[in-house]
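Just so you know, the protein sequences line up as chains H and X, in that order. For what it's worth, this note's numbering labels the leading residue of the first sequence as 1, then goes sequentially. For what it's worth, this note's numbering labels the leading residue of the second sequence as 1001, then goes sequentially. Idealized CB from N, CA, C, for every residue including glycine. I have placed the structure first, in the form of structure tokens, so that the comments after it can refer back to it.
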Amino acid sequence: MSTVIEDRPVADAPVMSARPALRVPITLGVLGVIALLAFGLGSDSGMDSTFNLSFRTDVVQLPDLVVPTKGTCLVLSLLCLGIAAYSYFLATRLRKTPMWLTALYGVAWVFAFLVWAIEGKSTSLVDLLQGSLLLAVPIAFGAFGGVFCERSGVVNIAIEGQLLAGAFAAAVVASVTDSVYLGLLAAPVAGWLLGLLLALFTVKYAVNQIIVGVVLNVLAVGLTSFLFAAVLKPNAETLNTPPLLQPIAIPVLSKIPVLGPVLFRQTIIVYAMYVMVVVLTLALFRTRWGLRVRAVGEHPEAADTVGIQVNRTRWRNVMWGSATAGFGGAFFTVGYIGAFGPEMSGGKGYIALAAMILGRWTPIGSLGAALLFGFATKLVSALSVLGTPVPSQFLQMLPYLLTIFAVAGFVGRVRGPAAAGVPYLKG
Amino acid sequence: MTDELVPDQADAPPAAPPPKDPTEDAAASWLRRVSSSGSTVTVLAFVLALVIGGILIAVVNPAVTAAAHYFFAAPLDTFEAAWTAVSEAYSALFRGAVFDYQADTFAKAIRPLTETMTVATPLIIAALGVAVAFRAGLFNIGGQGQVIMGASLSAYIGFTWHLPAGIACVVALLGGLFAGAVWGGIAGVLKARTGAHEVIVTIMLNYVAISFLAYFLTTEAFRVPGSAEPKSRTVRPEAQLPLLFGSQYRVTWGFVIAILAAVFVWWLMSRSRIGFQYRAVGFNPNASRTAGFSVQRITVYVMLTSGALAGLAGAVQLLGTSKYLTDGIAGTIGFDAITVALLGRSKPLGIFFAGILYGGLSAGGRFMEAVTGTPISIVLVLQALVVLFIAAPSLVRTIFRLPAPDAELKGATA
């Protein structure tokens, strides 16, 4: 099964090519022209767009940010076109466009869109940012779980099921014990149990990893829905009314204007996400453990030759990754909504998988992709409240189209761990 | 035998050769062969899944829980209550799926079987689509989106185009086929041109299709005039699939289409030149490239074929069973199709029976929920467990202490 999760293109073209790679500059250019025509020239002059910079409940209210719609859109779209032109210049010199420039481009483009979309109206910038962050949390944890597994060579499609199992366990345990923290501990255990099955079937019995993942998702949906209907629904007040995690304001940091309340007045799950991204990055790329894991994921035979136990490493990583994804699932219940509902993960596990690939199998990249996805989703709901000329159904496609676009346009040729998806059989 | 579900090993050896040991007599050798064969494992996988499902049903049953409170005083009560709960649930499952022996007339008694066929029809067709992709080494998780697009276009053709009877239905079916092919083809083109992974692209396209469907149901072109309900007009009678066994049962000619589709896929994958290329690319893309196949082109063709079958499944579901479009038109056909394809080991005949089994489990599950109150989601658990156990035959053999087939002793490679 060489064709399972790996991002090697099936293209017949050779890898080495002297032609300048024009895909990125052309994409940037086309989008820039769209921004100029639609947002810059398409908006009325004399209108303003207003951003609120404080939550209504904040003690210290910052003044609103008011910008002229047309002028701002023109400046931002010209900036985008400038970056596109520079990217073209680099491409003709056979050089890649630096990541930070692409990121700057993205921010400018999205901001231009935002300013255009709320022409004559106002929206809360802090609310938008906080919503994006919260929507990104389960996706990020799912993607970290995926990084753990895939870096060691096991494809984890079961992230969706692990999130769901985590959400279920957190809700039930927190309700029964009336302790939100015990719920938080139960979530990774539930994910871990699913991971046990994943490792048993993929590592020990060498069953195709995607098949096992897909089936484990069905199992998780079936089990949680069954237990919900048979046990939780009739006893909702004792088993499915968990306490909610309360936000903790971090001294000093939470006082930073705009970003402070957004980033540092959150629940412990969000802080765990910050810690996780740092720890996982350091562990994967700066420790002996990380080197071994990556060796196992890239070339298990070589790793085995130098004495690394391939399948034991995989078992361990699948357990860690599944527990991580399960922990993220707790966000759905004790971290956000409270009560468990059937299939409440709503496909976020699959989005997490996409975020991991988009983030090139790195924790930081995964977090970035998760935030991007969270932002797109939050933006859509904010815009549908405001009312835009585009039907809301088309806005709802935006995050998914963005993902397809990103996978096809920018990371298409990026490779994942070489041995991901291939069981290792010694002999 | 680690890879029994994997397309690569589609043509497994027919049976393990008889053991060489001369002391073993014919009967023992036969017994040995039967107990290590694939079909025995399949049956045992079922038994295991039903046992685990039964434990779940018993554990959550209120009567069982009540009896368990005085377990040490009268332990038999608990087992009796558990037996009652499980046997009632499973017999209701059987009555809803195959034969209702409590019905007054024979015609009513076999109705469950026809319901099973009705539910199985789109599942079989969509699963054939998944299997074609599987065997070419591609994972089409986007069945759901392709079913939705197929159903949408066939509905639109079905209620707007005024065509004579017979032709109308065929054109609407072809419309569904076409829409599904386009939706699958997008993923194929992106995979071939940019290397974008088809698992991600097809999953995302599912969501895009759901949004499209929601949009369609708000437009004048689809909606019932004067109604605000998110529901389309009903397909004209000429475009509907005719009933197969008369008005007593819901089975339509869609079931025959499913059989024809299975035969077609068998021919395509086993007898045609293009099918050979599909399998070759799935088996080893690099070797195929060396042999002069255009892997890019074949990737696109595979996704077109796969999507077309899923689109046809959507059209059959719409023109045969539901007759108008709602946001729940696709149900979970697209996702169930993946498990059906896995259970059927990506072979047309296997998929046919796996589809019937799934249809039976869902039809029976609904009946079971209505009669005994056992939540239908137990069916999902059963389905998942069966596929898991079938995928890992060595686990089932270990549990039942069966001998390993000779093929496995030699060491199968993944």
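In this structure Ala1181 of chain X touches Gly1307 of chain X by the C-beta definition: roughly 5 Å separates them, less than 8 Å.
For Asn1206 of chain X, the CB contacts under 6 Å within the same chain, skipping 5 residues up- and downstream, are Gly1142, Gln1144, Gly1145 in chain order. When DSSP states are grouped into helix, strand and coil, Ser49 of chain H belongs to the strand group. X:Val1224 is the residue among X:Arg1279, X:Val1224, X:Tyr1301 whose C-alpha sits nearest the C-alpha of Thr1326 of chain X. The beta carbons of Ile248 of chain H and Gly335 of chain H sit about 13 Å from each other, so the pair does not count as a contact at 8 Å.
Look at Arg93 of chain H here: in three-state DSSP terms it is coil, with no helix or strand label. Classified as buried, Ser132 of chain H has 16 or more neighbouring CB atoms from the shown chains inside 10 Å of its CB.
Taking CB atoms only, Tyr181 of chain H has no neighbour in chain X less than 8 Å away.
Non-local beta-carbon contacts of Val1386 of chain X in its own chain, meaning distances under 7 Å to residues more than five positions away in sequence, involve Ala1045, Phe1046, Ala1049, Leu1343 in chain order. Scanning the region 223 to 288 of chain H for uninterrupted alpha helix (DSSP H) segments of 4 residues or longer gives 236 to 239, 259 to 264, 268 to 286, listed from N- to C-terminal end.
Take the alpha-carbon of Ala352 of chain H and the one of Trp1161 of chain X: they are about 42 Å apart. Within the same chain, and ignoring the five residues on either side of Val1201 of chain X in sequence, the residues whose Cβ sits closer than 8 Å to its Cβ are Gly1142, Ile1186, Ala1187, Leu1190, Lys1191. Under the rule that a run must span 4 or more residues, the alpha helix (DSSP H) segments found entirely inside the region 1064 to 1135 of chain X read 1075 to 1097, 1106 to 1109, 1111 to 1135. Val110 of chain H has no beta-bridge partner at all, per DSSP. Apart from sequence neighbours up to five positions away, the residues of its chain that approach Thr1118 of chain X with a beta-carbon distance below 7 Å are Arg1250, Val1251, Thr1321, ordered along the chain. Per the DSSP secondary-structure output, Val67 of chain H pairs in a beta bridge with H:Ser49. Look at the region 1168 to 1239 of chain X and you find these whole runs of alpha helix (DSSP H), each 4 residues long or longer: 1198 to 1216. By the Cβ neighbour-count rule, Gly1360 of chain X is buried, with 16 or more other Cβ atoms within 10 Å of its own. Contact note: Ser225 of chain H reaches chain X through Pro1375, Ser1377, Leu1380, using a C-beta cutoff of 8 Å and chain order.
The criterion of a C-beta distance shorter than 8 Å is not satisfied by Asp64 of chain H and Ser152 of chain H. Membership of Thr123 of chain H in the beta strand (DSSP E) is indicated by the continuous run 122 to 124. In terms of CA proximity to Ile1203 of chain X, X:Val1147 leads the group X:Val1147, X:Ser1272, X:Arg1236. Counting only residues of its own chain and dropping the five nearest sequence neighbours on each side, Gly290 of chain H has a CB closer than 6 Å to the CB of Ala283, Leu284. Secondary-structure assignment with DSSP links Leu1243 of chain X through a beta bridge to X:Thr1252.
Apart from sequence neighbours up to five positions away, the residues of its chain that approach Ala1354 of chain X with a beta-carbon distance below 6 Å are Val1340, Leu1343, Gly1344, ordered along the chain.
Closer than 9 Å at the C-beta level to chain H, one finds these residues of the region 1309 to 1341 of chain X: Phe1335, Asp1336, Ile1338, Thr1339. Cα atoms of Ser1377 of chain X and Gly222 of chain H: separation of roughly 5 Å, rounded to the nearest angstrom.
The three-state secondary structure of Thr102 of chain H, taken from DSSP, is helix. Shortest Cα-Cα distance from Leu125 of chain H to any of H:Asp44, H:Leu62, H:Ser43, H:Ala370 involves H:Leu62. Taking a cut-off of 8 Å for Cβ pairs, the region 95 to 112 of chain H and the region 298 to 307 of chain H do not touch, as fewer than three such pairs fall below it.
Ala272 of chain H and Pro257 of chain H have their C-alpha atoms some 23 Å from each other. Val1263 of chain X and Leu1304 of chain X have their C-alpha atoms spaced approximately 18 Å apart.
With respect to chain H, the C-beta atom of Thr1040 of chain X has no partner C-beta closer than 8 Å.
Between the alpha carbons of Gly191 of chain H and Leu1268 of chain X lies a gap of roughly 41 Å. No Cβ-Cβ contact shorter than 8 Å links Phe51 of chain H with Trp116 of chain H. Contact annotation: Lys348 of chain H and Ile139 of chain H have beta-carbon atoms nearer than 8 Å.
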